[in-house]
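As numbered in the numbering used here, residues 87 to 859 make up the sequence shown, in order. We put the beta carbon where it would ideally sit given N, CA and C, even for glycine. If you're wondering where the values come from, they're calculated on a predicted model, not measured in any experiment.
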Amino acid sequence: MVSRDDEDRPVYGGTPADFAVVQAIQEMKARGLRVTFYPFILMDVPPGNTLPNPYSDNAAETGQPEFPWRGRITCSPAAGFAGTVDKTATAASQVAALFGAATPASFSVSGESVSWTGPSGDWGLRRMVLHYAHLCAAAGGVDAFLIGTEMRGLTTIRSGASAYPAVQAFRDLADDVRAVLGAGTAISYAADWSEYFGHQPGDGSGDVFFHLDPLWADPEIDFVGIDNYMPLSDWRDGFEHLDAAEGWPAIYDRAYLQANIAGGEGYDWFYASAADRSAQVRTAITDGAAGKPWVFRYKDLRAWWSNPHYDRPGGVESGTSTAWAPQSKPIWFTELGCPAIDRGTNQPNVFFDPKSSESFTPHFSRGWRDDAIQRAYLEATYLWWGAPANNPVSSVYGGRMVHVSECAAWTWDARPYPFFPALTDVWTDGGNWRLGHWLTGRLGAVSLAALVRHLCLRAGLPESRIDVTGLWGAVEGYAIGALESPRASITTLSRHFGFDAVETEGVIRFVMRGRAAVATVSPDDLVAPREGDLLELTRGQETELPQALKWQVARADEDYDAALVEARRITVDTTRIASESFPMAVPPEEAERRCRRALMEAWVGRETAAFRLPPSRLALDPADAIRLAHDGRPVDLRLVSIADADARGVEAVRQDREAYDLPPGAPRPSALSQAVVFGAPEAVLLDLPQLTEDQPAHRPFVAADAVPWPGEIAVFRSPSTDGFELLTMFGTRARIGALVSDFYAGPTSRFDLGNALVFDLLTGTLESVTDLT
């Protein structure tokens with residue numbers, strides 16, 4: 087039984103029906119899709135439980151954390167706590183009890199039906215996995231099958247100094263799954279990104295074990311499965327943190343994210359404590375005299391994959407390598423994803439789920455929805471590993487190290503969008519979609535960069551003259567009018583998203599506004615004109631600016647109905663209201679953010695500057711940001727135009743970088759009109775006596791019931807199987823049921839007051855009446 091919430095709804099979904107699993111596999115294969123079967127364990131540990139907590143001294147604490155991650159499954163008491171059974175025979179016994187004793191012969195298969203024939207008390211992991219394996223075989227087979235996923239707390243249990251019983255149990259399970267599915271199915275284990283490369287307990291022992299190597303090297307394991315949620319950023323508030331200080335323009339920048347795939351946290355450095363993370367005190371990853379820092383770099387897949395591995399019990403490297411043969415098997419990212427939440431790339435592995443003890447927002451996230459960062463993460467990762475320079479070829483099997491075509495983006499949901507996530511009365515996890523890893527409802531969008539590039543190509547620009555690397559953001563939909571030019575479409579997008587276009591050395595560059603200054607200019611750097619002032623600063627009239635800005639966009643989650651957003655200033659000397667309708671689909675909270683940015687941009691940009699720079703400043707282009715020192719204070723300016731002559735005549739507007747990092751508006755739940763589906767009615771024709779004189783004689787009665795009740799039922803008649811004519815309509819819902827058992831023997835022709843009839847009714851209840859007098 088699955089736990090239920092306060093509204094009596096199940097807290098988890100799953101695979102309650104075997105035939106649903108078989109049908110899903112067959113349908114995907116019929117569509118030409120490759121199928122990887124991924125058994126996902128959900129931890130149904132409700133609030134208020136009285137289970138002993140293994141993560142406490144002597145497991146004496148009552149109550150386990152609510153709905154935890156499956157990676158918390160471990161021995162009891164867990165390693166690192168008083169009384170732990172780790173590194174004892176008891177740990178091996180606990181692991182054996184969890185796996186159980188099921189074998190392939192413990193099941194009976196009839197067609198597409200799989201039945202358990204083993205001992206009634208065995209509910210172990212082996213039974214679950216082998217049951218699924220038989221279902222996959224009954225469905226016609228699958229391309230790949232995973233025997234387990236992210237069981238980090240289980241695989242790191244030790245029964246001795248260097249013995250890992252769960253790893254051996256998974257090897258045995260792989261053998262049995264192979265016996266069920268045959269040689270045509272690729273088999274592996276999906277390790278967590280923090281688990282795949284080794285066990286470094288950090289308990290002061292100095293132990294370093296490549297604990298999964300016996301599994302990775304097993305002949306029944308075809309690839310190294312990794313659920314890849316490695317961080318690709320370390321972005322913070324403000325503009326002075328370390329990554330911003332290095333010159334990276336934004337967290338969305340593809341070059342920045344890709345620089346952290348084989349670099350940054352987990353490769354070059356780590357944070358030794360939470361305090362170090364807050365203060366950005368980074369500790370370099372080194373390996374002393376051994377000179378193998380890759381041993382401690384979970385991001386260094388190339389070195390891990392291409393080198394022999396040597397365990398280090400007590401910190402001393404063994405003279406014999408492990409079973410892993412370098413370059414022997416490919417790597418699949420069995421999961422690859424990022425939550426659609428602000429700064430999700432800082433910590434892609436966390437998810438927001440209020441009911442779970444594992445519910446977190448990423449490091450330094452402000453907790454708002456951000457579809458663009460999810461797309462940026464996936465695009466950066468797929469493109470980086472797709473480049474041959476980053477993905478070496480194996481000298482053993484002749485393929486690339488990472489099989490990009492087998493990397494599975496997490497997660498696509500089969501439930502129909504937008505009804506999921508909108509119908510929370512049907513699906514209890516709908517509320518988690520907004521900030522979660524779901525691609526459903528997002529994957530159909532296009533990146534702003536790809537859309538602008540496409541428009542440029544339509545305009546006839548060659549690929550070599552287009553640079554959209556400075557753009558980020560996502561567009562759910564864009565409608566191009568019949569007479570609209572590509573330039574007009576790009577201009578509309580630039581107003582909405584806030585970007586500029588500039589030609590540099592024959593290339594059209596598109597860049598987002600709000601970037602850091604590329605140069606600092608003082609009055610001493612300016613060129614004096616023959617006439618006029620060295621520097622002209624102009625401030626526009628408030629009455630010429632809008633008090634409010636109103637935008638209209640479309641909502642993809644409401645069948646593209648219109649949504650209105652507004653930004654407004656309060657204490658200003660103007661009453662002007664500006665409005666614009668954008669032919670694009672945008673989440674309304676995101677549209678409101680951009681609307682506020684545009685209004686702030688207009689007010690900040692009323693301050694303009696005109697000056698001249700010497701030819702030595704030739705590197706500056708329109709759209710660049712500079713910092714101008716004026717009257718003892720710095721003024722950030724965005725260059726609007728440059729006219730080159732004997733000096734460079736510059737026109738610029740003031741910018742405030744804070745305007746480009748605003749929070750979105752409040753979420754607006756979608757209002758969907760639900761399609762009502764009526765099932766076939768249950769109808770019964772009744773040959774009853776004439777009960778009242780006003781009823782026509784010799785006519786049958788009809789009773790009908792349906793769920794849901796459609797309001798009225800139509801009755802048609804025909805002497806044959808066609809040509810039916812409407813006879814009547816009625817709207818009274820009948821109470822229809824059946825006897826639970828046959829009539830019993832009893833008296834006839836009089837009331838039976840001793841026996842009782844038991845009915846099973848479809849709906850409603852029976853009605854009691856008083857006796858006739």
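Looking at the unbroken beta strand (DSSP E) that takes in residue i, where does it start and where does it end?
| i | result |
| --- | --- |
| Tyr-275 | 272-278 |
| Met-670 | 663-671 |
| Arg-863 | An answer regarding residue 863 cannot be provided, because it is not within the stretch 87 to 859 covered by the chain. |
| Asp-329 | It is not in any beta strand (DSSP E) - Asp-329 instead sits in the alpha helix (DSSP H) that spans 328-331. |
| Arg-713 | 711-716 |
| Val-788 | 787-791 |
| Ala-230 | 230-235 |
Where does residue i land, buried or exposed, given buried means 16+ other C-beta within 10 angstroms?
| i | result |
| --- | --- |
| Ile-663 | exposed |
| Arg-573 | exposed |
| Ile-712 | buried |
| Glu-152 | buried |
| Ile-656 | exposed |
| His-784 | exposed |
| Val-263 | buried |
| Pro-507 | buried |
Quick one: give me the first and last residue of the alpha helix (DSSP H) that residue i is part of.
| i | result |
| --- | --- |
| Gly-239 | 238-241 |
Could you check which residue in the options has the C-alpha nearest to that of residue i?
| i | options | result |
| --- | --- | --- |
| Asp-717 | Ala-500, Ala-560, Leu-621 and Ala-800 | Leu-621 |
| Tyr-646 | Pro-674, Pro-478 and Ser-451 | Pro-674 |
| Glu-236 | Tyr-141, Val-107 and Leu-128 | Leu-128 |
| Pro-749 | Asp-323, Leu-509, Gly-626 and His-784 | Asp-323 |
| Phe-505 | Gln-760, Asn-477, Asp-780 and Ala-792 | Gln-760 |
| Ser-608 | Leu-723, His-582 and Ala-508 | Leu-723 |
| Leu-847 | Gly-423, Ala-820 and Thr-372 | Ala-820 |
| Lys-55 | Phe-193, Ile-307, Ile-371 and His-395 | The structure shown does not extend to residue 55, since the chain is modelled only from 87 to 859, so the question has no answer here. |
| Trp-558 | Pro-701, Arg-340, Pro-305 and Val-736 | Arg-340 |
| Gly-556 | Asp-456, Met-686 and Arg-539 | Arg-539 |
| Gly-832 | Leu-825, Gly-840 and Val-826 | Gly-840 |
| Glu-306 | Thr-148, Gln-254, Ala-824 and Val-672 | Gln-254 |
| Tyr-564 | Gly-530, Ala-545 and Val-554 | Gly-530 |
| Arg-368 | Leu-328, Ser-196 and Asp-710 | Leu-328 |
| Gly-207 | Phe-185, Asp-780, Val-107 and Asp-91 | Phe-185 |
Suppose contacts are defined by Cβ-Cβ distances below 8 Å. Is residue i in contact with residue j by that definition?
| i | j | result |
| --- | --- | --- |
| Tyr-338 | Ala-462 | yes |
| Ile-417 | Leu-464 | no |
| Glu-811 | Ala-790 | no |
| Thr-497 | Leu-525 | yes |
| Phe-309 | Ser-280 | no |
| Phe-450 | Asn-432 | yes |
| Ile-233 | Leu-259 | yes |
| Pro-708 | Ser-727 | yes |
| Ala-360 | Glu-403 | no |
| Ala-188 | Arg-212 | yes |
| Thr-160 | Thr-148 | no |
| Arg-601 | Pro-335 | yes |
| Val-532 | Val-512 | no |
Please state whether DSSP places residue i in a helix, a strand or coil.
| i | result |
| --- | --- |
| Gln-180 | helix |
| Glu-198 | coil |
| Leu-521 | helix |
| Arg-552 | Per the sequence shown, residue 552 should be read as Ile rather than Arg. In this structure, Ile-552 counts as strand in the three-state DSSP scheme. |
| Glu-281 | coil |
| Tyr-342 | helix |
| Ala-269 | coil |
| Tyr-315 | coil |
| Thr-590 | strand |
| Met-214 | helix |
| Trp-454 | coil |
| Ile-459 | helix |
| Arg-528 | coil |
| Gln-638 | strand |
| Phe-153 | coil |
| Met-815 | strand |
| Trp-321 | coil |
| Pro-674 | helix |
| Val-97 | coil |
| Trp-513 | coil |
| Tyr-746 | helix |
| Ala-766 | coil |
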